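Enquirer:
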Amino acid sequence: MVERMVSLSVGIMLSTSLLHALPEAFESGADTRSLFACLLGGLLAFFLLEKFAILRHSHHHEGDGHHHEHGHDAHEAGKAGWMILVGDGLHNFTDGILIAAAFLADPKLGLVTGLAIIAHEIPQEIGDFIVLLNAGFSRMRAYIYNLICSMMAVVGGVLGYYMLADASNLIPYVLVFASSGFIYIAVSDLMPQMQRRASLRETVPQIILIACGVGLVLFVTQHR
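Numbered per our numbering, the sequence shown spans residues 1116 to 1339.
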């Protein structure tokens, strides 16, 4: 199920970015060079954020030959769990702002942006839940904290709506930044996962689900 969601996410995220969010931003009348600079900055920012997360989580492994005091691994796992929660909360808060910006630009764009985020968040939240369990959280605590983090998207959406309504000139840049995130996640994270399943039997469903994602976005944005 998770593997299928990954393929569907790729189709939704790429088509939302390349067919709708970016055209909407570039047709807004904003300076083209500034928008491309924002796109470049967004791609590099997501690269650095991922690099930081990798460095923070890979500096210690079980059986790495380092001598640590008793209970060190449990302590490190607990810290990793809290880092996941903080990062997820900030990520969801940002997603809320991006959805608000998309709705202010065009309600249909807001809808497909929400779909793109949901399609990506489902497998990610499942992964976060597993990480929290491994970090020593009980199932109930992991569920409650994940729910609280998810609600940060609502907070970001409400604040983003009222802030961007009074600063409509920023909406194209928010859309471009959101698109850079969608493109980066799809190309550097999701698609490499799909490439690990290289057999024809696994590739055909991937292509079909990507096409379904693109078709869903086209249907939502063009259907009257």
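Don't be surprised by glycine CBs; every beta carbon is placed ideally from N, CA and C.
These numbers were taken from a predicted model, which means no experiment stands behind them.
#1: On a CA-only basis, which of Gly-1251, Gly-1229 and Leu-1262 is nearest Glu-1240? Give me that one, please.
#2: Please confirm whether Leu-1324 and Arg-1148 have their CB atoms less than 8 Å apart.
#3: What do you reckon, are the CB atoms on Leu-1305 and Ser-1124 nearer than 8 Å?
#4: Count the C-beta pairs between the region 1252-1270 and the region 1281-1299 that are closer than 8 Å, then say yes if the count reaches three, no if not.
#5: By the 10 Å Cβ neighbour count, where 16 or more other Cβ atoms means buried, how is Asp-1243 classified, buried or exposed?
#6: Does the region 1152-1159 come into contact with the region 1309-1328, if we say contact requires no fewer than three beta-carbon pairs (one atom in each stretch) closer than 8 Å?
#7: Quick check: the region 1275-1283 against the region 1129-1140, are at least 3 beta-carbon pairs closer than 8 Å?
#8: Determine the direct distance from the alpha carbon of Leu-1248 to that of Ile-1232, and round the result to whole angstroms.
#9: To which residues of the same chain is His-1200 closer than 7 Å at the C-beta, ignoring the five residues directly before and after it?
#10: What did DSSP end up calling Ala-1268 once you bin it into helix, strand or coil?
#11: Please report the residue range of the alpha helix (DSSP H) in which Gly-1225 lies.
#12: Assuming contact is defined by CB atoms lying nearer than 8 Å, are Leu-1230 and Ile-1127 in contact in what I supplied?
#13: If you reduce the DSSP assignment to three classes, tell me which class Phe-1167 lands in.
#14: For Ala-1326 and Asp-1146, what's the separation of their Cα atoms in angstroms?
#15: Mapping the DSSP letters down to three states, classify Glu-1343 as helix, strand or coil.
#16: What is the DSSP secondary structure of Phe-1297, reduced to helix, strand or coil?
#17: Keeping to the same chain, check which residues put their C-beta closer than 7 Å to that of Thr-1209; ignore five residues upstream and five downstream.
#18: Are the beta-carbon atoms of Val-1227 and Val-1335 separated by less than 8 Å?
Expert: A quick look at the data gives this:
#1: In the sequence shown, the residue the question calls residue 1240 occupies position 125. Proximity to Glu-1240 across Gly-1251, Gly-1229 and Leu-1262 peaks at Leu-1262, based on C-alpha coordinates.
#2: Sequence index remark: in the sequence shown, residue 1324 carries index 209 (1-based). Sequence index remark: in the sequence shown, residue 1148 carries index 33 (1-based). In this structure, Leu-1324 lies away from Arg-1148, with their beta-carbon atoms at least 8 Å apart.
#3: For the purposes of this step, residue 1305 is taken as residue 190 along the sequence shown, with counting starting at 1. For the purposes of this step, residue 1124 is taken as residue 9 along the sequence shown, with counting starting at 1. It is a contact, given that the beta carbons lie within the stated cut-off.
#4: By the Cβ test, the region 1252-1270 is not in contact with the region 1281-1299, since fewer than three Cβ pairs between them sit closer than 8 Å.
#5: Position 128 of the sequence shown, counted from the start, is the residue given in the question as residue 1243. It counts as buried.
#6: No contact exists between the region 1152-1159 and the region 1309-1328.
#7: Segments in contact, no.
#8: For this step, residue 1232 is matched to residue 117 along the sequence shown. For this step, residue 1248 is matched to residue 133 along the sequence shown. C-alpha of Ile-1232 to C-alpha of Leu-1248: approximately 24 Å in a straight line.
#9: Translated into positions along the sequence shown, residue 1200 becomes position 85. Looking at the sequence provided, one finds Leu at residue 1200 rather than His. Closer than 7 Å at the Cβ level, and outside the excluded window around Leu-1200, lie Tyr-1260 and Cys-1264.
#10: If you number the sequence shown from 1, residue 1268 lands on position 153. Looking at Ala-1268 - three-state DSSP - the assignment turns out to be helix.
#11: Here residue 1225 is taken as the residue at index 110 of the sequence shown, counted from 1. Its alpha helix (DSSP H) spans residues 1222-1249.
#12: Looking up residue 1230 in the sequence shown gives position 115. Looking up residue 1127 in the sequence shown gives position 12. For Leu-1230 and Ile-1127, yes; Cβs fall inside 8 Å.
#13: By 1-based counting over the sequence shown, the position of residue 1167 is 52. Of the three classes helix, strand and coil, the one that applies to Phe-1167 here is helix, per DSSP.
#14: Here residue 1326 is taken as the residue at index 211 of the sequence shown, counted from 1. Here residue 1146 is taken as the residue at index 31 of the sequence shown, counted from 1. Spanning the two alpha carbons is a distance of roughly 33 Å.
#15: Since the first residue shown for the chain is 1116 and the last is 1339, residue 1343 is missing from the structure and cannot be characterised.
#16: Position 182 of the sequence shown, counted from the start, is the residue given in the question as residue 1297. Taken through DSSP and simplified to helix, strand or coil, Phe-1297 comes out as helix.
#17: Position 94 of the sequence shown, counted from the first residue, corresponds to residue 1209. Cβ within range, chain order: Gly-1271.
#18: Position 112 of the sequence shown, counted from the start, is the residue given in the question as residue 1227. Position 220 of the sequence shown, counted from the start, is the residue given in the question as residue 1335. Taking 8 Å as the Cβ cut-off, Val-1227 and Val-1335 qualify as a contacting pair.
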